[in-house]
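Undergrad: The sequence shown finishes on residue 312 if you use the UniProt record's numbering, and the numbering steps up by one all the way, no holes.
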Amino acid sequence: MKDKSTDPRIHCDYSKLIKLQSQARAFSLLPNLKSGTALSGRHSSIFRGRGLNFEELRHYQLGDDIRNLDWKVTMRTGKPHVRSYTEEKDRHFIICVDQRSSMYFSSVDTMKSVVAAELAALTAWRILQDSDRVGFVLQSTEKLHWLTAKRSQGDLLHRLKLLANTNQSLDVMSKDSDAVSFSQFVTLLGRLKLKETTIIIFSDWHGTTPDDITHLKHLQKHNDVLGVLISDPFESHLPALHNDWVVGDGSLQISINEAKKFDLANKGLSEQQSLKREQLIQLMAAKGLPVIETDTSGAHIEQFKRAVGGRR
Numbered sequence: 001m002k003d004k005s006t007d008p009r010i011h012c013d014y015s016k017l018i019k020l021q022s023q024a025r026a027f028s029l030l031p032n033l034k035s036g037t038a039l040s041g042r043h044s045s046i047f048r049g050r051g052l053n054f055e056e057l058r059h060y061q062l063g064d065d066i067r068n069l070d071w072k073v074t075m076r077t078g079k080p081h082v083r084s085y086t087e088e089k090d091r092h093f094i095i096c097v098d099q100r101s102s103m104y105f106s107s108v109d110t111m112k113s114v115v116a117a118e119l120a121a122l123t124a125w126r127i128l129q130d131s132d133r134v135g136f137v138l139q140s141t142e143k144l145h146w147l148t149a150k151r152s153q154g155d156l157l158h159r160l161k162l163l164a165n166t167n168q169s170l171d172v173m174s175k176d177s178d179a180v181s182f183s184q185f186v187t188l189l190g191r192l193k194l195k196e197t198t199i200i201i202f203s204d205w206h207g208t209t210p211d212d213i214t215h216l217k218h219l220q221k222h223n224d225v226l227g228v229l230i231s232d233p234f235e236s237h238l239p240a241l242h243n244d245w246v247v248g249d250g251s252l253q254i255s256i257n258e259a260k261k262f263d264l265a266n267k268g269l270s271e272q273q274s275l276k277r278e279q280l281i282q283l284m285a286a287k288g289l290p291v292i293e294t295d296t297s298g299a300h301i302e303q304f305k306r307a308v309g310g311r312r
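#1: Among the residues of its own chain, which have a CB less than 6 Å from the CB of residue 222, if the five just before and after it don't count?
#2: Out of 6, 20, 12 and 8, point me to the one whose CA is closest to residue 165's CA.
#3: Okay, do the region 214-234 and the region 281-294 touch, 3+ Cβ pairs below 8 Å being the bar?
#4: Among 153, 181, 218 and 143, which one has its Cα closest to the Cα of residue 121?
#5: DSSP three-state label for residue 180, please.
#6: Here's the rule I'm using: 16 or more other beta-carbon atoms within 10 Å means buried, otherwise exposed. How should residue 285 be labelled?
#7: In this structure, does DSSP put residue 45 in helix, strand or coil?
#8: Please return the same chain residues whose Cβ sits closer than 7 Å to the Cβ of residue 232, not counting the five positions on each side in sequence.
#9: Which residues in the same chain have their Cβ closer than 6 Å to the Cβ of residue 32, if we skip the five residues on either side of it in sequence?
#10: To the nearest angstrom, report how far apart residue 214 and residue 180 are at their CA atoms.
#11: Where does the unbroken alpha helix (DSSP H) through residue 302 begin, and where does it stop?
#12: Among 71, 114 and 94, which has the Cα closest to the Cα of residue 10?
#13: Would DSSP call residue 294 helix, strand or coil?
#14: Taking the straight line between their C-alpha atoms, what separation do you get for residue 46 and residue 77?
#15: Taking 8 Å as the threshold, find out whether the region 130-142 comes into contact with the region 170-184 through three or more Cβ pairs.
#16: DSSP has residue 93 in a bridge; who is on the other side?
#17: My assumption, with CB atoms under 8 Å, is that residue 84 sits in contact with residue 118. Please give the rounded CB distance.
#18: What do you get for residue 49, buried or exposed, if any count of 16 or more other CB atoms within 10 angstroms of its CB means buried?
#19: Can you look up residue 139 in the DSSP assignment and give me helix, strand or coil?
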């Protein structure tokens, strides 16, 4: 489709998503996390047989491959010993990109939807450069797109094109169907029955329920779920009241023309944003992962790279 806007702050451009490949070389994806998480580096799996790296020397156990017997140690100790190895396996990533109507907002510089799209593209290029597989779950206003994980630049380009087209379809009249709620998104992830997968979610987490967080915690048992919260200052606190404020969600509007109403609105916004952040902290705590936040100031690329351990 043809670009709806030439302003890169409002709609992302396919060519920009491609150019982000050059910036992906400037950081490593969470290299400093504790070992044992998929994000900390390559998975290591101990197996009985020949491997790439020596892991340990231990007593023979029933079922061990006799080809791995260390005869020198066995003869010296009088007890059978085997050498075990580690095998390096590919990492499997799923990038979840929220492009619902709530993401089409910014009071500062860049739409939340553009922030999510650009960070998703940057992350995908980093994953591909590490020779890992990357898949996508794309939340549009109409449907959830599930794109299986692949290790192919051609496939990634097709997916970035879909992401750009989806982003460019957003406008002030956009409305979400029931099929793209956050709960439907979590349900889809559950149906995929993922194992040893790193799931990265770029979203404003609009409409998240306690049940959704519970289900994501279940996913954490066999996967790493990394949540990135994209927010705008207006979502936490409105600026000083000068004239009548009219606040709407695309369907309903409310006029804020009194100091009391204004204070109540600010209190509600602050509580709602704090709840989102607290839910995200609880989710990340399951694996000791960091809480990553970016905003609409236009500095989201640097904010994200710093949060995941980027190299300057």
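Don't be surprised by glycine CBs; every beta carbon is placed ideally from N, CA and C.
TA: Taking the geometry as given:
#1: Cβ neighbours of residue 222 within its own chain (closer than 6 Å, five residues either side excluded): 195.
#2: Selection 6, 20, 12 and 8 evaluated against residue 165 yields 12 as nearest (Cα-Cα).
#3: Enough Cβ pairs lie closer than 8 Å, so yes.
#4: When 153, 181, 218 and 143 are compared, the shortest CA-CA separation from residue 121 is found for 153.
#5: Residue state, collapsed to three classes: helix.
#6: Label assigned to residue 285: exposed.
#7: With a pLDDT of 39 at residue 45, under the threshold of 50, the modelled position of this residue cannot be trusted; read the value that follows with caution. Assigned with DSSP and collapsed to three states, residue 45 falls in strand.
#8: If we look at residue 232 and ignore the five residues flanking it on each side, its Cβ neighbours are 105, 106, 107, 108, 112, 295 and 296.
#9: A caution first: residue 32 carries a pLDDT of 49, below 50, which makes its placement in the model unreliable, though a value can still be read off. Closer than 6 Å at Cβ, skipping near neighbours: 309.
#10: When rounded, the distance between both Cα atoms is 19 Å.
#11: Under the DSSP assignment, residue 302 falls in the alpha helix (DSSP H) whose first and last residues are 300-307.
#12: Comparing Cα positions, the closest option is 114.
#13: Under the three-state reduction of DSSP output, residue 294 falls in the strand class.
#14: Model confidence at residue 46 stands at a pLDDT of 36, short of 50, so the residue's coordinates are unreliable; what they give is reported in the following sentence. Whole-angstrom Cα-Cα distance: 24 Å.
#15: By the C-beta criterion, the region 130-142 is judged to be in contact with the region 170-184, since at least 3 inter-stretch pairs fall below 8 Å.
#16: In the DSSP output, where bridge partners are listed per residue, residue 93 has 134 and 198.
#17: That pair is no contact at about 43 Å.
#18: With a pLDDT of only 39 at residue 49, under the threshold of 50, the placement of this residue in the model should not be trusted, and no figure is reported.
#19: If DSSP states are grouped into helix, strand and coil, residue 139 belongs with the strands.
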